[in-house]
Amino acid sequence: MKKPIRVLFATSEVHPLMKTGGLGDVSGSLPQALRALGMDIRIAMPAYGDTLARLQAWRPRSELMLAPFGRIRILEARLPDSDVPLYLIDHPLFSERPGNPYNDSTGHAWPDNAERFALFSRTCESIALDRAALDWQVDLVHANDWQSGLLTALLAERGDQTPPALITIHNLAYQGVFDRKTFQNLNLPVNLWRPDGVEHWGEMNCLKAGINGSRFITTVSPGYAREIQTQPFGNGLDGLLRHRHEDVIGILNGIDMKTWDPAHDPALPLPYDAEQLENKTHNKRALQEEMGLLEDDQLLLVGLIGRMTGQKGLDIVLQAADALMSLPVQIAVLGSGDQGLEAAYLDWMARYPGRVSVHIGYNEGLAHRIEAGCDAFLMPSRFEPCGLNQMYSLRYGTPPIVHGVGGLRDTVIDTHEATLADHSANGFVMRHLDTHAILWGVGRALEYFRQPTLWQAIQQNGMAADFGWDKSALQYMALYQRMLDERARR
Ligand code: ADP
Ligand code: GLC
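What follows is the structure, given as structure tokens:
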């Protein structure tokens with residue numbers, strides 16, 4: 047029998063142990079899909095204080111000393127409800143920092159993030175080199191985003207005998223950029239300070255380091271893989287990515303079809319599926335009640351969930367706020383982030399009681415009930431590497447209204463005569479992003495919403511699609527295999 051491929055999957059968040067966005071969802075579900083394909087994949091993540099509190103059981107497994115950080119413990123556990131082994135990197139820089147893993151409560155980055163994620167990357171390097179007393183030899187490393195970028199650079203620096211690496215870019219907008227002095231204080235090989243190492247325009251750039259150290263660079267949709275090689279979406283790294291175009295590959299994220307299943311969702315007042323859409327109406331009424339909205343079936347209830355950052359285009363919705371209220375629609379919002387946006391959304395709610403409801407905060411259960419209870423879901427993202435909420439919406443029979451970028455364009459098929467005829471229509475795609483586009487998108491959803499037979503067809507098209515991980519996990523596996531075959535040929 048062939049030996050399973052041994053993969054170290056390094057990530058800074060894993061649902062349900064820590065999540066700020068889609069990276070957590072992906073890190074909690076992709077390794078399970080790869081494990082089901084027979085791979086010996088194990089996750090390494092920081093042991094945040096909140097993570098340890100959420101875990102039922104873990105045990106200290108080994109210890110190492112790394113200057114300038116001192117003693118680091120590796121704890122062993124299992125990803126809840128799975129057979130995926132988990133290594134938790136335990137150090138006061140993680141365990142004594144409550145809340146968000148990257149920012150303080152005012153939304154500012156923790157001042158020592160360079161140290162924190164250098165510590166994480168260097169510990170993962172020790173695991174990858176089998177120097178962490180875990181008795182496990184790694185065949186290859188799968189890093190994610192800038193937080194584990196240094197890991198691949200450090201491995202590459204050691205030459206050909208180390209495990210090859212792949213990095214997945216979940217969001218090019220976050221690169222982990224720090225000044226040179228910070229780099230000098232991290233005890234990293236001085237030689238890494240070069241443009242094909244960590245250096246980028248006189249600064250240290252952890253994501254660039256990750257790209258330079260990796261054999262393949264994947265990102266989370268084919269559309270975004272193309273976009274990041276262009277100047278408007280490249281965040282200053284488009285030149286490098288164009289240079290590596292043969293190694294840049296888009297693999298669409300899957301979703302966890304068990305957690306996000308309207309027929310078996312414990313968060314919902316009444317489960318439903320494509321054959322019992324009338325039960326969805328019950329969820330709408332319950333959501334209106336829960337969020338203090340007028341209980342009116344005729345209004346198109348539009349949901350919005352997400353991190354309140356520039357990426358998500360929530361400011362543009364606000365510009366259309368009053369015009370939207372002239373349409374027969376209601377708005378249900380769940381999110382947190384930028385304090386100015388939070389205040390502006392609360393102000394919108396105050397001005398239109400019963401029509402707009404805004405919940406500031408993070409709430410998993412409410413996110414599920416918004417997906418189920420809304421008629422349509424709005425994602426006016428300026429850019430969107432993949433986006434998971436539009437796929438959750440499709441699965442919940444809640445047609446998404448999206449800006450046609452990145453993963454949104456890859457998953458949402460605009461509704462018109464031809465797509466209705468071939469049963470592919472599943473939502474509404476705005477080609478531009480401004481107030482007119484938002485009004486146009488919501489207006490079109492309304493137009494179809496008033497034609498129940500067509501609306502149901504759009505809902506059912508979305509609900510019939512399979513957004514599970516099977517196909518994408520096979521694509522990752524094929525890349526892993528290629529990396530190992532190349533290595534064996536050397
Ligand atoms: P991103 O990773 O850019 O934030 P995604 O659409 O990929 O966007 O994933 C966002 C994930 O985070 C989804 O699972 C979404 O439901 C969840 N999420 C975002 N904000 C909140 C919130 N305030 N409460 C609950 N879940 C949230
Ligand atoms: C990022 C992106 C989002 C993507 C998620 C998971 O946070 O913003 O589009 O779905 O990562 O890959």
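For the sequence shown, the working numbering assigns the number 47 to the initial residue and increments by one for each residue that follows.
Just so it is clear, CB atoms sit at the ideal spot from N, CA and C, and this is done for glycine as well.
In this text, all values refer to a predicted model and were calculated from it rather than measured experimentally.
Among the options, which residue has its Cα nearest to the Cα of residue i?
i	options	result
Asn281	Gly222, Arg401, Ser194	Gly222
Val184	Trp192, Met64, Leu201	Leu201
Ser108	Met91, Ile135, Pro235	Ile135
Met85	Met64, Phe55, Glu324	Phe55
Arg143	Ala113, Trp182, Pro50, Ala99	Ala99
Gly453	Val402, Tyr408, Phe513, Leu485	Phe513
Cys420	Cys432, Gln436, Gly407	Gln436
His405	Met354, Leu440, Pro426, Ala366	Met354
Leu500	Gly489, Trp239, Ala467	Ala467
Leu392	Tyr94, Val375, Leu364	Leu364
Ala93	Arg124, Gly356, Ala79, Pro114	Arg124
Phe163	Pro126, Phe115, His478, Thr276	Phe115
Glu336	Ala413, Ala464, Ala510, Thr276	Ala413
Glu171	Arg477, Asp516, Ala211	Ala211
Leu537	Phe166, Pro106, Leu76	This structure cannot speak to residue 537, because the chain is shown only from 47 to 536.
Pro209	Thr228, Val236, Ile173	Ile173
Ser470	Ser439, Lys49, Thr457	Thr457
Leu42	Gly153, Thr66, Gln78, Asn146	Residue 42 lies beyond the stretch modelled for the chain, which goes from 47 to 536, so this question has no answer here.
Glu430	Arg441, Gly450, Pro445, Phe474	Gly450
Asp384	Gly407, Gly400, Glu532	Gly407
Pro147	His289, Met91, Glu292, Asn237	Met91
Pro328	Ala369, Glu463, Ile416, Lys517	The sequence given here has His at residue 328, not Pro. Taking only the C-alpha atoms, the option nearest His328 is Ile416.
Met250	Leu196, His310, Thr264	Leu196
Under the three-state reduction of DSSP, which class applies to residue i: helix, strand or coil?
i	result
Ala211	strand
His449	strand
His246	strand
Gln376	strand
Phe474	strand
Leu346	strand
Glu463	helix
Leu525	helix
Phe429	coil
Tyr94	coil
Asn409	coil
Asp136	strand
Ile173	helix
Leu186	strand
Thr152	coil
Closer than 7 Å to a non-hydrogen atom of the ligand ADP - does that hold for the CB of residue i?
i	result
Ser382	yes
Ile447	no
Glu388	no
Gly259	no
Arg455	no
Gly407	yes
Ala413	yes
Ile377	no
Glu273	no
Ile297	no
Ile351	yes
Glu410	yes
Below 7 Å, is the gap between the Cβ of residue i and the nearest heavy atom of the ligand GLC?
i	result
His61	no
Does the Cβ-Cβ distance between residue i and residue j come in under 8 Å?
i	j	result
Lys326	Gly443	yes
Glu161	Leu139	yes
Phe423	Gly359	no
Gly296	Tyr270	yes
Val130	Arg177	no
Asn258	Ala199	yes
Trp192	Gly256	yes
Pro308	Ala418	yes
Lys254	Leu286	yes
Ile120	Tyr133	yes
Ile215	Tyr526	no
Ser73	Thr97	no
Pro426	Ile362	yes
Leu340	Gln502	no
Val53	Leu186	yes
Val615	Gly70	The structure shown has nothing for residue 615, since the chain only spans 47 to 536.
Ile351	Leu434	no
Pro62	Pro126	yes
Glu203	Pro235	yes
If we define contact as Cβ-Cβ less than 8 Å, is residue i a contact residue for chain D?
i	result
Leu69	As a matter of chain content, chain D is missing from the structure shown, which is built from one protein chain.
For residue i, verify whether its CB is less than 7 Å away from any heavy atom of the ligand NAP.
i	result
Leu500	The ligand NAP is not among the ligands present in this structure, which contains only the ligand ADP and the ligand GLC.
Task: Shell residues, 7 Å Cβ cut-off relative to heavy atoms of the ligand GLC - done: The answer, residue by residue, is Gly67, Gly68, Leu69, Asp71, Val72, His216, Asn217, Val266, Asn299, Gln357, Glu430, Pro431, Cys432, Gly433, Leu434, Gly452, Gly453.
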